[in-house]
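Here the structure comes first, spelled out in structure tokens, and everything after it is commentary.
See below:
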């Protein structure tokens, strides 16, 4: 059992990485082999929209004209049984680094052969050999939990995209809201990112996320991507 974390932070030893490491610790405690990929350490070129991958309907991982480190990460996703996508919250969204990586995955890990809502040519997962568990960790530098809905556009997008890429049903998400250990002065609020603190409860939540993922994998509870089931689930949540 392999659990992979893909981390889109620019700061290796800070909040997002510490929480992701704790999630992998939880997965390892359930018997998983774990690995964290730091995208900042890799050569990741920008998609040029040449559509080479789009035209390839047969490969499990489509070909790409860019010869960089993305292919090696895609191979790790293929080998994994669970994938955690982690990113700080930048202007309400994932980092540009994570966005650039995801853009490279759109048609390399999906093919335009599905029909959704009556529209043909929609994406469906290429990695059909097995389902994978997915989870997301989003770390907020300023926005508290009670205001998440006004800032966190990252989680739904990342979860939906990850599910499609990994042949998974949406899994657990974590929003690590900003917590401050004291009342901040007006000047300190202008430097709020430097005053936030991680809480024991947040580390425990991250640990539990990884443990739950590995437990579901071990129990054979992971389900493959199912657009109709996802739509039904979303409709149920909106009612």
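In my numbering, the protein residues as written are 820 to 1058. C-beta: ideal position from N, C-alpha, C; glycine also.
Judged by DSSP secondary structure, residue 1029 falls within the alpha helix (DSSP H) whose first and last residues are 1019–1037.
At a Cβ-Cβ threshold of 8 Å, residue 1038 and residue 820 do not count as neighbours. As for any beta strand (DSSP E) of minimum length 3 sitting wholly inside the region 904–990, the runs are 929–935, 938–944 and 952–958, ordered along the chain. Secondary-structure assignment with DSSP links residue 821 through a beta bridge to 852.
Per the Cβ contact rule, the region 903–916 is not in contact with the region 1009–1016 (fewer than 3 Cβ pairs under 8 Å). Note on residue 870: under 16 other CB atoms within 10 angstroms of its CB, so exposed under the neighbour-count rule. Closest by C-alpha distance to residue 879, out of 961, 949, 960 and 849, is 949.
Between residue 941 and residue 933, the CB-CB gap stays under 8 Å.
In the three-state scheme derived from DSSP, where H, G and I count as helix and E and B as strand, residue 885 is classed as coil. In the three-state reduction of the DSSP assignment, residue 995 falls in the strand class.
Judged by DSSP secondary structure, residue 1002 falls outside any alpha helix (DSSP H); it is assigned neither H nor E. Cβ-Cβ separation between residue 826 and residue 835: approximately 6 Å, consistent with a contact (criterion under 8 Å).
Under the three-state reduction of DSSP, residue 857 is assigned to strand. Counted as a single uninterrupted DSSP element, the alpha helix (DSSP H) harbouring residue 874 occupies residues 871–874.
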